[in-house]
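Residue numbers (the working numbering): 0 to 457.
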Ligand code: SF4
Ligand code: SF4
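Spelled out as structure tokens, the structure:
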């Protein structure tokens, strides 16, 4: 973790470096595979070798049991071929044709140990396009992508909703904010009485813009996917949420059928919006704009989710931007694409407040990788005394009073009666992000929950 005393890199808490924000917030999405194809064609024209050796490290979620894996080391796979068939998890597909060199556990930042397949890519340029065209939307045999037509008329809304969730599972779609499969998210929303579903382009981080970029450039797909998912969750109201006014204007112009809200660059935007919606429309559920757009493509076009959009930002790269890349692409490749500078001191994945520093740049991009930040200087964070502004309590979606927790656990003797609700904390880090005094409140609430559980109040 970048914050708290668990950090192996000695960083005291999250990073807030607003000065580079505009560099990533308005970038159009660059399709890295498209760029590669053009570069290979250029090399070919100049008589140079067009092919280059490349690898992907594809997370095989749900493939821990050998019975759930459809491939082994040495197997040749095609683009969009299914690599797993777990019982209660989305299927994992190969983003490209290649040979599985090995299958081994990998420590992935923010996710822990995940079984991954190292795939040596076979072809480049036009040849790969042909393989993709041949396999796109294939059904049935050899574990390739099975299309589910959730668009056809079902006997009831419930049947239609179930078909959408099956399509999401078969297309391998997960929410980009926490990696939850959409079917599990739907169960959670149904059980907790969610009244309004938010298609979330709120990146909740000064640097990240990947979900916002998808919302801007694929507004209609995101809105349609959101409506499909809302139907599957039994929720009638839908809203699209953008971090900036710039994104809000673009989405409003492109998508007239769904209300759009802008949080005007405020962070933590999710917590603030959830509070506002609770007062006006009822409990809100959030689903990422990338997951919504992927759901639309799965249902309408029969496409599995094999790529993702990642923001690469920070003063350690000269060309920050939003990149669409195959899942499993090494982090180092994205940094190179964006011109990583030789004096970069720190690379971290995830939001500044809760992200994790990485030293191994061969680690892969997953569906949860929304932002990679490269910095020329390790941040020095200062913490001040609480000024009693109450922002931390206002942004907490779980009704916790972080300022009170901060006060209580820093006394000589802790009164457990004053630590109510702390076990309900979801570690969203909104309170830490909101605190102008720079106090790592999320870590303190986690500590308070551990104290309450252990009964050690001295
Ligand atoms: S980290 Fe915990 S205490 Fe802080 S805002 Fe999130 S849920 Fe509330
Ligand atoms: S946000 Fe920070 S400064 Fe404001 S009340 Fe909470 S702990 Fe105190």
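Think of the CB as a built atom: it goes at the ideal place given N, C-alpha and C, for glycine as much as any other residue. Remember, predicted model here, so these are calculated numbers, not experimental data.
From the DSSP output, in three-state form, read off residue i for me.
{"i": "residue 80", "result": "strand"}
{"i": "residue 387", "result": "coil"}
{"i": "residue 199", "result": "strand"}
{"i": "residue 87", "result": "coil"}
{"i": "residue 127", "result": "Summary for residue 127: the model assigns pLDDT 49, below 50, so the residue's position carries little reliability; its value from the coordinates is reported in the next sentence. In the structure shown, residue 127 sits in a helix (DSSP, three-state: H, G or I)."}
{"i": "residue 443", "result": "helix"}
{"i": "residue 207", "result": "coil"}
{"i": "residue 163", "result": "helix"}
{"i": "residue 415", "result": "helix"}
{"i": "residue 424", "result": "coil"}
{"i": "residue 452", "result": "helix"}
{"i": "residue 316", "result": "strand"}
Can you give me the start and stop residues for the beta strand (DSSP E) that residue i sits inside?
{"i": "residue 407", "result": "That residue, residue 407, is in no beta strand (DSSP E); its alpha helix (DSSP H) goes 401-408."}
{"i": "residue 487", "result": "Here the chain has residues from 0 to 457 only, and residue 487 is not among them."}
{"i": "residue 332", "result": "Counting along the chain, residue 332 falls outside any beta strand (DSSP E), though it belongs to the alpha helix (DSSP H) covering 330-336."}
{"i": "residue 285", "result": "283-287"}
{"i": "residue 261", "result": "259-261"}
{"i": "residue 377", "result": "Looking at the DSSP string, residue 377 is not in any beta strand (DSSP E), and its letter there is neither H nor E."}
{"i": "residue 51", "result": "Note, residue 51: premise wrong, no beta strand (DSSP E); not H, not E."}
{"i": "residue 357", "result": "355-357"}
Going by beta carbon distance, what residues of the same chain come within less than 6 Å of residue i, once the five residues before and after it are set aside?
{"i": "residue 217", "result": "292"}
{"i": "residue 188", "result": "232 and 284"}
{"i": "residue 254", "result": "218, 219 and 222"}
{"i": "residue 276", "result": "195 and 283"}
{"i": "residue 453", "result": "none"}
{"i": "residue 353", "result": "428"}
Residues in its own chain within less than 8 Å of residue i by CB, not counting five upstream and five downstream?
{"i": "residue 259", "result": "238, 239, 240, 241, 247, 250 and 251"}
{"i": "residue 531", "result": "With the chain represented from 0 up to 457, any question about residue 531 goes unanswered, as that position is not in the structure."}
{"i": "residue 440", "result": "391, 401, 402, 404, 405, 430, 431 and 434"}
{"i": "residue 360", "result": "329, 330, 331, 334 and 346"}
{"i": "residue 76", "result": "70, 82, 93, 96, 97, 98, 99 and 118"}
{"i": "residue 272", "result": "197, 201, 240, 260, 262 and 283"}
{"i": "residue 177", "result": "367"}
Just checking: is the beta-carbon of residue i within a distance shorter than 8 Å of some beta-carbon in chain E?
{"i": "residue 431", "result": "In the structure shown, chain E cannot be found, because there is only a single protein chain."}
Spell out the partners DSSP gives residue i in its beta bridges.
{"i": "residue 321", "result": "28 and 310"}
{"i": "residue 237", "result": "196"}
{"i": "residue 108", "result": "Answer by DSSP bridge pairing: none, since residue 108 is not bridged."}
{"i": "residue 371", "result": "311 and 348"}
{"i": "residue 230", "result": "Paired residue(s): none; residue 230 is not in a bridge."}
{"i": "residue 180", "result": "173"}
{"i": "residue 251", "result": "None; residue 251 has no bridge partner."}
{"i": "residue 97", "result": "76 and 120"}
{"i": "residue 115", "result": "58 and 103"}
{"i": "residue 68", "result": "83"}
{"i": "residue 363", "result": "329"}
{"i": "residue 244", "result": "Its beta-bridge partners do not exist; DSSP assigns none."}
{"i": "residue 298", "result": "Its beta-bridge partners do not exist; DSSP assigns none."}
{"i": "residue 339", "result": "316"}
Sort the options by Cα distance to residue i and report the nearest one.
{"i": "residue 202", "options": "67, 350, 184 and 275", "result": "350"}
{"i": "residue 111", "options": "219, 199 and 367", "result": "367"}
{"i": "residue 274", "options": "178, 396, 206 and 307", "result": "396"}
{"i": "residue 119", "options": "108, 106, 109 and 100", "result": "100"}
{"i": "residue 427", "options": "109, 79, 72 and 32", "result": "109"}
{"i": "residue 229", "options": "257, 215, 211 and 214", "result": "257"}
{"i": "residue 245", "options": "234, 235 and 261", "result": "261"}
{"i": "residue 91", "options": "220, 286, 306 and 280", "result": "306"}
{"i": "residue 88", "options": "71, 57, 209 and 170", "result": "170"}
{"i": "residue 438", "options": "411, 391 and 415", "result": "391"}
{"i": "residue 114", "options": "57, 435 and 93", "result": "57"}
{"i": "residue 94", "options": "53, 85, 27 and 86", "result": "53"}
{"i": "residue 30", "options": "81, 313 and 337", "result": "337"}
{"i": "residue 385", "options": "354, 436 and 442", "result": "436"}
{"i": "residue 363", "options": "35, 106 and 76", "result": "106"}
{"i": "residue 66", "options": "51, 76 and 86", "result": "86"}
{"i": "residue 64", "options": "381, 193, 104 and 76", "result": "104"}
{"i": "residue 25", "options": "177, 205 and 102", "result": "205"}
{"i": "residue 310", "options": "51, 278 and 175", "result": "175"}
{"i": "residue 55", "options": "68, 409 and 116", "result": "116"}
{"i": "residue 102", "options": "62, 416 and 84", "result": "62"}
Given residue i, which residues of its chain have a CB within under 7 Å of its CB, disregarding the five upstream and five downstream residues?
{"i": "residue 164", "result": "181, 182, 185 and 231"}
{"i": "residue 421", "result": "399, 404, 444, 447, 448 and 451"}
{"i": "residue 425", "result": "397"}
{"i": "residue 221", "result": "198, 213, 214, 239, 288, 291 and 292"}
{"i": "residue 342", "result": "375"}
{"i": "residue 373", "result": "313, 315, 316, 334, 339, 343 and 346"}
Tell me the residue span of the alpha helix (DSSP H) that contains residue i.
{"i": "residue 63", "result": "Counting along the chain, residue 63 falls outside any alpha helix (DSSP H), and DSSP gives it neither H nor E."}
{"i": "residue 273", "result": "268-279"}
{"i": "residue 436", "result": "Unbroken run through residue 436: none, as it is neither H nor E."}
Would you list the residues whose beta-carbon is nearer than 7 Å to any heavy atom of ligand 3, in the order they occur in the chain?
With respect to small molecules bound, the structure shown includes ligand 1 and ligand 2 and not ligand 3.
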